[in-house]
Amino acid sequence: MSTANAYDVAQVRSHFPALREGAAHFDGPGGSQTPDVVADAVRATLVSAVSNRGTVTRAERRAEEIVGAARAAAGDLLGIDPRGVVFGRSATALTYDLSRALAKQWGPGDEVVVTRLDHDANIRPWVQAAEAVGATVRWVDFEPDTGILDVDAVTAQLSERTRLVATTAASNLIGTRPPVHQLSDRAHAVGALHWVDGVHATPHASVDLAQLGADVWVCSPYKFLGPHCGIAAADPALLETLHPDKLVPSTDDVPERFELGTLPYELLAGTTAAVDFIASLAHTGDETSHRRDRVLASMAAVEAHEDALRERLEPALRALAGVTVHSNAPARTPTLLFTVEGRDPRDIHRELARYRVNAPAGSFYAVECSRHLGLGDEGGVRVGLAPYTDEADVERLLDALHRVL
Ligand SMILES: Cc1ncc(COP(=O)(O)O)c(C=O)c1O
């Protein structure tokens with residue numbers, strides 16, 4: 016198994032105190048473990064003087080700087096203007112909030128397109144926002160055998176009444192990575208917005224929003240080594256056209272207009288630290304280069320590292336008697352959903368845990384996806400790779416599976 020030269024997984028792992036507890040973590044798609052530098056940044060913020068944002072006191076200026084730095088970091092991570100970066104409680108909360116703001120511009124006869132490949136956080140807010148204003152929801156199925164979301168199947172649901180197309184950039188259940196760029200083109204061709212759930216894609220591949228063409232990209236720092244909060248990134252010009260419900264005295268500036276209440280400064284500082292940590296992963300030898308360039312190099316190295324591990328894991332998993340792997344799309348993240356004939360996935364989760372191998376079972380809120388795969392609401396066992404996964408973890412998983420199955 017070869018990994019990218021520039022990637023030193025032992026060095027990466029040394030930054031994760033949680034790994035010293037001894038478990039092999041395949042639960043990253045639910046939330047990654049946290050590096051020391053992120054925890055340090057959170058703590059440093061909480062123990063330093065911070066107040067409401069302003070320009071007079073040092074505490075006010077610090078809050079201001081933290082927010083600006085976090086927007087810049089998210090901008091470098093996603094390849095987008097920092098003025099279009101909105102922070103919120105979670106991807107789910109941001110999608111709900113923005114869906115209501117968008118739906119103010121919709122009415123009866125307007126249409127919204129959602130897919131069964133998606134996490135429910137990128138389905139239900141749209142269904143409910145559409146219902147509230149009398150708009151119509153159009154559903155797109157993926158192909159259950161291949162896991163592919165066909166661009167033409169999406170296009171077939173588009174019309175001149177389509178206002179928004181909501182798709183995932185990667186399925187958190189089976190890893191499928193639909194072609195975002197093509198889907199954006201199709202949505203734009205009918206004058207619709209393309210809303211992309213990038214929560215599961217962002218930890219596994221570099222993102223260039225300008226190049227992808229998506230109108231909004233949602234992600235969650237706690238999936239890419241950061242703290243528990245959410246990000247919605249869009250062109251500031253688009254955000255200017257939206258008017259969420261807000262308090263009378265709160266600013267109408269973009270992006271603050273969408274950030275209800277006081278921002279979690281410590282989590283934003285942690286998000287900046289997570290992006291800086293990601294930018295440091297590849298050791299390009301030129302630590303002075305622009306952070307965006309280092310992020311791109313690092314994400315390429317993470318992808319190569321995870322691919323190499325998957326090449327060892329996936330055939331071995333598929334070869335186990337009674338195992339069906341449901342992650343089959345040609346383009347996908349290193350996220351393997353499997354079931355075992357005659358076995359309850361929850362039992363396998365529990366039994367693996369006895370060997371300190373963490374691989375949870377369920378549908379992981381991608382309930383439409385799980386049902387469409389024929390797995391009901393129970394789903395399967397999900398094995399996800401992360402930047403800190405190493406060969407020993409993979410061997411521990413395979414060894415434990417041999418004992419458990
Ligand atoms: C693909 C995907 N979308 C959305 C979400 C929801 O994210 P959050 O917990 O930030 O609301 C998740 C969380 O697992 C996810 O994997």
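Residues in the sequence shown are numbered from 16 upward in steps of one, following the numbering used here.
Ideal Cβ positions, reconstructed from N, Cα and C, are used throughout, including at glycine.
Just checking V214 against ligand 1 - is the residue's beta carbon closer than 6 angstroms to any of the ligand's heavy atoms?
As a first step, residue 214 is located in the sequence shown; it is residue number 199 there, counting from the start. Checking the Cβ of V214 against ligand 1 gives yes.
So is G391 buried or exposed if we call it buried at 16+ other beta carbons inside 10 Å?
Along the sequence shown, one-based indexing puts residue 391 at 376. Looking at its Cβ environment, which holds fewer than 16 other Cβ atoms inside 10 Å, G391 is exposed.
So the alpha helix (DSSP H) F292 belongs to, where does it begin and stop?
Indexing the sequence shown from 1 puts residue 292 at position 277. Unbroken alpha helix (DSSP H) run through F292: Y280 to A294.
How many whole angstroms separate the CB atoms of A106 and P97, which I take to be in contact at a CB cut-off of 8 angstroms?
Sequence index remark: in the sequence shown, residue 106 carries index 91 (1-based). Sequence index remark: in the sequence shown, residue 97 carries index 82 (1-based). That belief does not hold up - the Cβ atoms of A106 and P97 are roughly 19 angstroms apart, past 8 angstroms.
Whose C-beta lies closer than 6 angstroms to the C-beta of E356 among residues of the same chain, with five residues either side of it excluded?
Taking the first residue of the sequence shown as 1, we reach residue 356 at position 341. If we look at E356 and ignore the five residues flanking it on each side, its Cβ neighbours are G337.
Counting along the chain, where does the beta strand (DSSP E) carrying H209 start and finish?
For the purposes of this step, residue 209 is taken as the residue at position 194 of the sequence shown. Counting along the chain, the beta strand (DSSP E) containing H209 begins and ends at L208 to D212.
Using the Cβ count rule (16 or more neighbours within 10 Å means buried), how would you classify H209?
Along the sequence shown, read from residue 1 onward, the residue named residue 209 stands at position 194. With 16 or more Cβ atoms within 10 Å of its Cβ, H209 is classed as buried.
Can you tell which of T72, G94, D322 and F102 has its C-alpha closest to the C-alpha of G83?
Working through the sequence shown from its first residue, we reach residue 83 at position 68. Closest by alpha carbon: F102.
Alpha carbon to alpha carbon, how far is L188 from Y403? Give it in angstroms, no decimals.
Start at 1 with the first residue of the sequence shown, and residue 403 comes out as number 388. Start at 1 with the first residue of the sequence shown, and residue 188 comes out as number 173. Between Y403 and L188, the C-alpha separation is close to 20 angstroms.
Pop quiz: V53 and F292 are said to be a contact at Cβ under 8 angstroms. What is the actual Cβ separation, rounded to whole angstroms?
Taking the first residue of the sequence shown as position 1, residue 53 is located at position 38. Taking the first residue of the sequence shown as position 1, residue 292 is located at position 277. Contact flag correct, Cβ pair sits at about 7 angstroms.
Sub-7 angstroms separation of R85 and T303 beta-carbons
Translated into positions along the sequence shown, residue 85 becomes position 70. Translated into positions along the sequence shown, residue 303 becomes position 288. Position check: residue 85 holds Ala in this sequence, whereas Arg was assumed. No, these two residues do not count as a Cβ contact at 7 angstroms.
Could you give the distance in angstroms between the alpha-carbon of W121 and the alpha-carbon of L132?
What you label residue 121 is simply residue 106 of the sequence shown in a count that begins at 1. What you label residue 132 is simply residue 117 of the sequence shown in a count that begins at 1. Distance between the alpha carbons of W121 and L132: 24 angstroms.
Assigned secondary structure, G99 (DSSP; H/G/I helix, E/B strand, else coil):
Position 84 of the sequence shown, counted from the start, is the residue given in the question as residue 99. Of the three classes helix, strand and coil, the one that applies to G99 here is helix, per DSSP.
Determine the burial state of V180: buried for a count of at least 16 other Cβ atoms within 10 Å of its Cβ, exposed for fewer.
Taking the first residue of the sequence shown as 1, we reach residue 180 at position 165. Buried, by the Cβ-count rule.
Alpha-carbon to alpha-carbon, P330 and L324
For the purposes of this step, residue 324 is identified with residue 309 of the sequence shown, where counting begins at 1. For the purposes of this step, residue 330 is identified with residue 315 of the sequence shown, where counting begins at 1. Cα-Cα distance, rounded: 11 angstroms.
Secondary structure of F31, DSSP reduced to three states
As a position in the sequence shown, residue 31 is number 16, starting the count at 1. Coil at F31, not helix or strand.
For ligand 1, is there a heavy atom less than 6 angstroms away from the beta-carbon of S47?
By 1-based counting over the sequence shown, the position of residue 47 is 32. Checking the Cβ of S47 against ligand 1 gives no.
For T70, the three-state DSSP class (helix, strand or coil)
Translated into positions along the sequence shown, residue 70 becomes position 55. Reduced to three states, the DSSP call for T70 is coil.
Count the other C-beta atoms from every protein chain shown that fall within 10 angstroms of the C-beta of W141, then say buried if there are 16 or more, exposed otherwise.
Stepping through the sequence shown from its first residue, residue 141 is reached at position 126. Counting Cβ neighbours within 10 Å, W141 comes out buried, since at least 16 surround it.
Since C234 is in the beta strand (DSSP E), which residue starts that stretch and which ends it?
Sequence index remark: in the sequence shown, residue 234 carries index 219 (1-based). Its beta strand (DSSP E) spans residues V231 to C234.
Around the C-beta of T130, are 16 or more other C-beta atoms found within 10 angstroms, so that it is buried, or is it exposed?
For this step, residue 130 is matched to residue 115 along the sequence shown. By the 10 Å Cβ count, T130 comes out buried.
As a quick exercise: from I95, P349, L113 and L335, pick the residue whose alpha carbon is nearest that of G43.
Translated into the one-based positions of the sequence shown, residue 43 becomes position 28. Taking only the C-alpha atoms, the option nearest G43 is P349.
Opposite T183 in the DSSP bridges: which residues?
To locate residue 183, count along the sequence shown from 1; it is residue 168. Answer is D212.
What does a CB cutoff of less than 8 angstroms around A118 pick up in its chain, not counting 5 residues either side in sequence?
Start at 1 with the first residue of the sequence shown, and residue 118 comes out as number 103. Counting only Cβ-Cβ distances below 8 angstroms, and skipping sequence neighbours, we find A144, A145, A147, V148 and A150.
W154 - partner residues in DSSP beta bridges:
Start at 1 with the first residue of the sequence shown, and residue 154 comes out as number 139. BP columns for W154 point to V129.
If you pair each beta-carbon of the segment 190 to 203 with each one of the segment 220 to 231, do three or more pairs fall below 8 angstroms?
yes
Distance between A216 and P259 (C-alpha atoms, nearest Å)
For the purposes of this step, residue 259 is identified with residue 244 of the sequence shown, where counting begins at 1. For the purposes of this step, residue 216 is identified with residue 201 of the sequence shown, where counting begins at 1. Between P259 and A216, the C-alpha separation is close to 27 angstroms.
Can you say whether R192 is buried or exposed, counting buried as having 16 or more other CB atoms within 10 angstroms of its CB?
Position 177 of the sequence shown, counted from the start, is the residue given in the question as residue 192. R192 is buried by the Cβ-count criterion.
What three-state label does DSSP hand D135 in the structure shown?
The count along the sequence shown starts at 1 and reaches residue 135 at position 120. Three-state DSSP puts D135 in a helix.
Can you determine whether any heavy atom of ligand 1 sits closer than 6 angstroms to the C-beta of T107, and answer yes or no?
Residue 107 sits at position 92 when you count from the first residue of the sequence shown. At least one heavy atom of ligand 1 is nearer than 6 angstroms to the Cβ of T107, so yes.
On the criterion of 16 or more Cβ atoms from any shown chain inside 10 Å, does A344 qualify as buried, or is it exposed?
By 1-based counting over the sequence shown, the position of residue 344 is 329. A344 should be labelled buried.
Supposed contact pair Y237 and G46 - C-beta distance, whole angstroms, cut 8 angstroms:
Position 31 of the sequence shown holds residue 46. Position 222 of the sequence shown holds residue 237. So it is a contact: roughly 5 angstroms between Cβ atoms.
Thinking C-alpha only, which one of H243, R153, D322 and L257 is nearest L113?
In the sequence shown, the residue the question calls residue 113 occupies position 98. Of H243, R153, D322 and L257, the residue nearest in Cα terms is L257.
Check whether the Cβ of H40 sits closer than 6 angstroms to any heavy atom of ligand 2, and report yes or no.
Here the bound small molecules are ligand 1; ligand 2 is not part of this structure.
What is the residue span of the beta strand (DSSP E) that L352 lies within?
Here residue 352 refers to the residue found at position 337 of the sequence shown. It spans T350 to V355 - the beta strand (DSSP E) in which L352 sits, taken as one unbroken run.
Would you decide whether G69 is buried or exposed? Buried here means 16 or more other CB atoms lie within 10 Å of its CB.
Sequence index remark: in the sequence shown, residue 69 carries index 54 (1-based). Label assigned to G69: exposed.
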